[in-house]
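Quick note: the sequence shown uses our numbering, first residue 3, plus one each step.
Glycine included, C-beta positions come from ideal geometry on N, C-alpha and C.
Small disclaimer: the values here were computed from a predicted structure and weren't measured.
Contents: one structure, followed by commentary.
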Amino acid sequence: MTQPRDDDAAGRQDEQDQHRQQDQNEPRPAEREVASLEPGQAADEVATEEADGQPRPGSGAERVEAAADSASSQDEESDGSRDSGPDGGTAEPDSAETGDSDSDASGGPEPGTSSRRRRADSRRRRRTVGQSIARGVGILTSIVLAGAVGGVTWWGHAAPTTPTPQLEALSLAEPGAATTYVCPHAPTNTLRGTDVGAMESTTTIIPADGAETIQSATYAGQTIPTDATTSLSTADGGILTFAPIDGQVANAVGSVTTLTQSGDLRGLTTAPCAQPTAMSWIVGGSIAAGSSAELRLTNPGATPATAKVNLYGSIGRLPLPSNGEVTVPAGGSSSLTLETKGSQDPRIAVSVEADGGSVVPTLVTESLDGETPAGTDVITPGAAPATDLVVPGVEIVEPASQGEVPDATTGADSSDTPAVRIVNPGQSRATVSVTMLGKDGPRPLAGAQSVAIDAGSVFDISLAGVPAGTYGVQVTSSAPVGAAVRMVRSGGEYPERSQALVHDQAWAQAALPGAADSGLLAVPRAASLTSAVTVANSGPATSVTVSSIDGSWSQDVAVAKGSAVVVEVPAEVAAVRLSAAGRESSTGQSRTSSGLAASTIVTAQAGGDLAGTLISTVPAQPDAAAQAQRRILLG
Numbered sequence: 003m004t005q006p007r008d009d010d011a012a013g014r015q016d017e018q019d020q021h022r023q024q025d026q027n028e029p030r031p032a033e034r035e036v037a038s039l040e041p042g043q044a045a046d047e048v049a050t051e052e053a054d055g056q057p058r059p060g061s062g063a064e065r066v067e068a069a070a071d072s073a074s075s076q077d078e079e080s081d082g083s084r085d086s087g088p089d090g091g092t093a094e095p096d097s098a099e100t101g102d103s104d105s106d107a108s109g110g111p112e113p114g115t116s117s118r119r120r121r122a123d124s125r126r127r128r129r130t131v132g133q134s135i136a137r138g139v140g141i142l143t144s145i146v147l148a149g150a151v152g153g154v155t156w157w158g159h160a161a162p163t164t165p166t167p168q169l170e171a172l173s174l175a176e177p178g179a180a181t182t183y184v185c186p187h188a189p190t191n192t193l194r195g196t197d198v199g200a201m202e203s204t205t206t207i208i209p210a211d212g213a214e215t216i217q218s219a220t221y222a223g224q225t226i227p228t229d230a231t232t233s234l235s236t237a238d239g240g241i242l243t244f245a246p247i248d249g250q251v252a253n254a255v256g257s258v259t260t261l262t263q264s265g266d267l268r269g270l271t272t273a274p275c276a277q278p279t280a281m282s283w284i285v286g287g288s289i290a291a292g293s294s295a296e297l298r299l300t301n302p303g304a305t306p307a308t309a310k311v312n313l314y315g316s317i318g319r320l321p322l323p324s325n326g327e328v329t330v331p332a333g334g335s336s337s338l339t340l341e342t343k344g345s346q347d348p349r350i351a352v353s354v355e356a357d358g359g360s361v362v363p364t365l366v367t368e369s370l371d372g373e374t375p376a377g378t379d380v381i382t383p384g385a386a387p388a389t390d391l392v393v394p395g396v397e398i399v400e401p402a403s404q405g406e407v408p409d410a411t412t413g414a415d416s417s418d419t420p421a422v423r424i425v426n427p428g429q430s431r432a433t434v435s436v437t438m439l440g441k442d443g444p445r446p447l448a449g450a451q452s453v454a455i456d457a458g459s460v461f462d463i464s465l466a467g468v469p470a471g472t473y474g475v476q477v478t479s480s481a482p483v484g485a486a487v488r489m490v491r492s493g494g495e496y497p498e499r500s501q502a503l504v505h506d507q508a509w510a511q512a513a514l515p516g517a518a519d520s521g522l523l524a525v526p527r528a529a530s531l532t533s534a535v536t537v538a539n540s541g542p543a544t545s546v547t548v549s550s551i552d553g554s555w556s557q558d559v560a561v562a563k564g565s566a567v568v569v570e571v572p573a574e575v576a577a578v579r580l581s582a583a584g585r586e587s588s589t590g591q592s593r594t595s596s597g598l599a600a601s602t603i604v605t606a607q608a609g610g611d612l613a614g615t616l617i618s619t620v621p622a623q624p625d626a627a628a629q630a631q632r633r634i635l636l637g
């Protein structure tokens with residue numbers, strides 16, 4: 003008798019269980035391992051393969067794509083792989099691959115085995131097709147991306163580039179702010195001269211726009227008229243403030259004049275009331291033996307300011323106490339004596355940079371040649387270093403009257419002569435050329451067409467041999483430099499047998515930009531003074547309208563290219579307004595630099611034992627409305 007079919011079925015079931023256990027213990031191909039991972043695990047396994055150096059079938063990208071594909075279809079495959087077996091259980095997904103061995107062992111096909119094999123084959127085909135599609139899509143995507151990048155790169159080189167628009171400067175007025183000036187103080191004998199003569203002093207303040215624009219005005223803490231000239235017989239200096247009406251900008255012209263005809267401080271000084279700035283340059287003065295240079299700093303602001311002072315000399319920068327840092331109190335002044343035991347130099351220039359506010363610097367110079375008075379001056383700031391500067395108001399006289407030649411009878415000479423002073427604040431040598439702008443046009447200064455100025459140094463170029471006349475001096479340079487001109491007026495020998503000529507000196511600074519295009523200029527008036535308004539032009543031929551502040555007098559002055567002219571101003575006019583033809587914008591600010599410069603040359607005559615001519619200059623100041631402009635870069 004044969005065994006019951008139940009025993010055969012039980013035996014085959016044991017063999018199937020044994021085969022199933024062996025399949026679970028055997029390592030599976032890499033592709034199936036990746037396919038069985040969760041989506042986030044595929045990349046980790048590829049990284050693990052690279053780390054342990056065990057390559058697996060197929061590239062890493064292919065396995066990752068296969069893992070992503072199999073993960074996306076995992077639910078579908080699991081449904082088909084978990085069909086019920088004959089015993090009512092669930093078949094494992096891999097049991098289809100053991101179907102052949104099961105059949106062989108049992109001697110015939112098991113019910114459902116063919117169906118499981120077909121489903122397994124179908125799953126493998128779907129998996130293979132999905133992987134192929136994924137790889138194809140990946141390759142196609144890579145090709146498209148590479149083509150896109152290449153196309154963009156090619157277009158960047160081949161297509162015309164749209165030019166980047168230039169940044170334009172937009173000028174915006176600052177309405178409603180008070181206009182502030184600082185009027186300088188007279189020389190105060192910092193030289194410690196023993197013979198101090200009588201000083202005649204005058205401070206003149208002229209509101210430029212009248213009561214229609216100015217609400218109130220104060221000077222040195224005292225209220226002054228807004229519609230009339232204020233004239234004081236003092237030169238104590240102070241802060242001048244105008245409060246405007248309805249957001250307008252108030253203008254004024256102020257100047258301080260001192261005349262000393264005898265004594266150690268013999269000389270004439272005239273200086274404008276100037277507006278505060280954060281950066282200033284003054285070229286001129288001396289700290290040689292017998293000379294004093296006192297830098298005064300006034301801060302009209304409401305908070306203290308720190309000023310950094312740089313002193314330049316014949317061979318470079320000169321040391322200063324406290325490294326040149328000076329604290330200037332709010333609404334007050336501080337002073338710094340530039341001469342020290344370690345710094346004595348006949349040629350100096352000064353820059354002042356304010357931090358925490360704006361200041362007005364003034365350089366007061368006093369000189370003695372032994373016992374002989376050698377002049378005084380009060381110098382206010384000029385133009386910052388540039389490659390093209392114009393110094394207006396330079397008056398040259400006969401050589402014997404400006405210290406160029408010794409006195410014919412005594413052989414005495416002057417310790418100072420007319421000269422152009424250049425400061426090179428840069429880090430490399432500058433090559434400069436000097437041109438005289440006169441009534442007959444430009445004339446290059448002989449021997450001064452290619453003068454090398456060492457870095458950080460100050461150099462004087464003599465004006466000896468220049469014919470008498472009124473000039474502007476143009477300085478062009480290969481690098482930014484500062485410039486000024488010293489004028490000298492000599493008298494006789496004093497004291498007797500001293501071999502020294504008594505003399506006075508005046509420093510004319512390079513003109514502030516735009517001051518002659520749209521500016522105001524003081525014309526000091528007194529019985530003992532003679533004032534002459536001068537205009538120089540280094541640019542194209544143009545004309546300048548010169549008018550009185552009240553508008554009662556006006557004159558159009560033609561100024562040829564490279565020339566200088568003297569303007570005849572009525573004796574009753576104490577200040578003028580300057581306006582260059584075609585140079586003024588709607589805001590009152592000059593559009594471009596025109597090469598124009600203006601100043602007033604002031605002279606006086608001293609008598610007695612110290613007879614001779616005294617000289618000084620007053621530079622034009624920019625219109626306050628132009629100074630109130632703020633330049634903002636807009637794209």
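Item checked: Where SER97 falls: helix, strand or coil (DSSP) -> Low per-residue confidence applies at SER97: pLDDT is 39, beneath 50, and the placement is therefore not dependable, though the value from the model is reported in the following sentence. SER97: helix per DSSP, three-state reduction.
Margin query: According to DSSP, is PRO278 part of a helix, a strand, or is it coil?
Written below: coil
Checklist line | Cβ shell of ALA560 (< 6 Å), same chain only, five flanking positions each side left out | finding: SER545
Check: Is the CB of ALA421 under 9 Å away from at least one CB in chain D?
Finding: As a matter of chain content, chain D is missing from the structure shown, which is built from one protein chain.
Check: Can we say the region 533-548 touches the region 472-484, given the rule of at least three CB pairs closer than 8 Å?
Finding: yes
Item checked: 7 Å Cβ shell around PRO482 - same chain, five flanking residues per side excluded -> PRO387, ALA388, THR389, GLY428
Next item on the list: Using beta-carbon positions only, say whether THR378 and THR367 come within less than 9 Å of one another.
Entry: yes
Item checked: VAL330 versus THR364 - alpha carbon distance -> 14 Å
Next item on the list: At 3 residues or longer, and completely inside the region 309-366: list those beta strand (DSSP E) runs for me, N to C.
Entry: 318-320, 327-330, 334-339, 351-357
Checklist line | Nearest-angstrom Cα separation, counted from ILE284 out to TRP620 | finding: A small correction: the amino acid at residue 620 is Val; Trp does not occupy that position in the sequence shown. Answer to the nearest angstrom: the Cα atoms are 14 Å apart.
Notebook entry, point to check: In terms of alpha-carbon separation, which member of LYS563, SER533, ILE551 lies closest to GLU570?
Noted result: SER533
Check: Taking the alpha carbon of THR339 as the point to measure from, which residue in PRO348, ASP347, LEU322, SER353 has its own alpha carbon closest?
Finding: LEU322
Checklist line | Residue span of the beta strand (DSSP E) that contains TRP509, given as start and end | finding: 503-511
Notebook entry, point to check: Between LYS343, ALA180, VAL525, which lies nearest to GLN250 when the distance is taken from Cα to Cα?
Noted result: ALA180
Checklist line | Spatial distance of SER417 from VAL407 (CA atoms) | finding: 11 Å
Margin query: Quick check on LEU612: does DSSP put it in helix, strand or coil?
Written below: helix
Item checked: ALA295 to SER337 span [Cα, whole Å] -> 10 Å
Item checked: Residue environment, GLU341, which counts as buried when at least 16 other CB atoms sit within 10 Å -> buried
Next item on the list: Would you please state the rounded distance, in angstroms, between the beta carbons of ARG491 and TRP509? I believe it to be under 8 Å.
Entry: Not quite, the Cβ-Cβ distance comes to about 13 Å (not below 8 Å), so this is no contact.
Next item on the list: Following the continuous beta strand (DSSP E) through GLY474, name the residue where it begins and the one where it ends.
Entry: 471-495
Notebook entry, point to check: If you drop the 5 nearest sequence neighbours on each side, which residues of the same chain put their C-beta closer than 7 Å to that of ASP211?
Noted result: ALA252, ASN253
Margin query: What would DSSP say about ALA2, mapped onto helix, strand or coil?
Written below: With the chain covering 3 to 637 only, the question about residue 2 has no answer from this structure.
Checklist line | Neighbourhood of PRO542 by C-beta, 7 Å cutoff - its chain only, sequence neighbours within 5 removed | finding: LYS563
Next item on the list: Rounded to whole angstroms, what's the CA-CA distance from GLY333 to ARG499? Just pull it up for me.
Entry: 49 Å
Next item on the list: Determine which residues share a DSSP beta bridge with ASP462 and list them.
Entry: ARG423
Note to self: So, at 7 Å on beta carbons, what are the nonlocal neighbours of GLY359 in its own chain, with the 5 sequence-adjacent residues on each side left out?
What the structure shows: ASN301, GLY303, THR305, ALA307
Next item on the list: State the CB to CB distance for the pair SER235 and THR228, rounded to an integer number of angstroms; the pair is presumed to be in contact (CB under 8 Å).
Entry: Contact flag wrong, Cβ pair sits at about 21 Å.
Note to self: Alpha carbons only, please: which of ILE241, GLY521, SER618 is nearest the one belonging to GLY223?
What the structure shows: ILE241
Note to self: Using CA atoms only, rank isn't needed, just tell me which of ASP347, GLY239, PRO189 is closest to VAL319.
What the structure shows: Note on residue identity: the sequence assigns Arg, not Val, to residue 319. Here the closest residue by C-alpha is ASP347.
Next item on the list: Can you tell me the Cβ-Cβ gap for ASP266 and THR196, rounded? I've got them flagged as a contact below 8 Å.
Entry: 7 Å
Margin query: Measuring straight from C-alpha to C-alpha, what distance separates SER369 and THR215?
Written below: 43 Å
Checklist line | Span separating the alpha-carbon of SER288 from that of ARG349 | finding: 5 Å
Note to self: Tell me which residues share the same chain as HIS187 and place their Cβ nearer than 7 Å to its Cβ, disregarding the 5 neighbours each side in the sequence.
What the structure shows: ALA237, ASP238, GLY239, ARG298
Next item on the list: For GLN451, I'd like the list of residues in its chain whose CB is within less than 6 Å of its CB, leaving aside the five on either flank, ordered along the chain.
Entry: SER435
Checklist line | CA-to-CA distance, THR419 to GLN404, given in whole angstroms | finding: 6 Å
Notebook entry, point to check: When the Cα atoms are used, what is the spatial distance from THR457 to SER480?
Noted result: Before going further, note that residue 457 is Ala rather than Thr in the sequence given. Approximately 12 Å between the Cα atoms of the pair.
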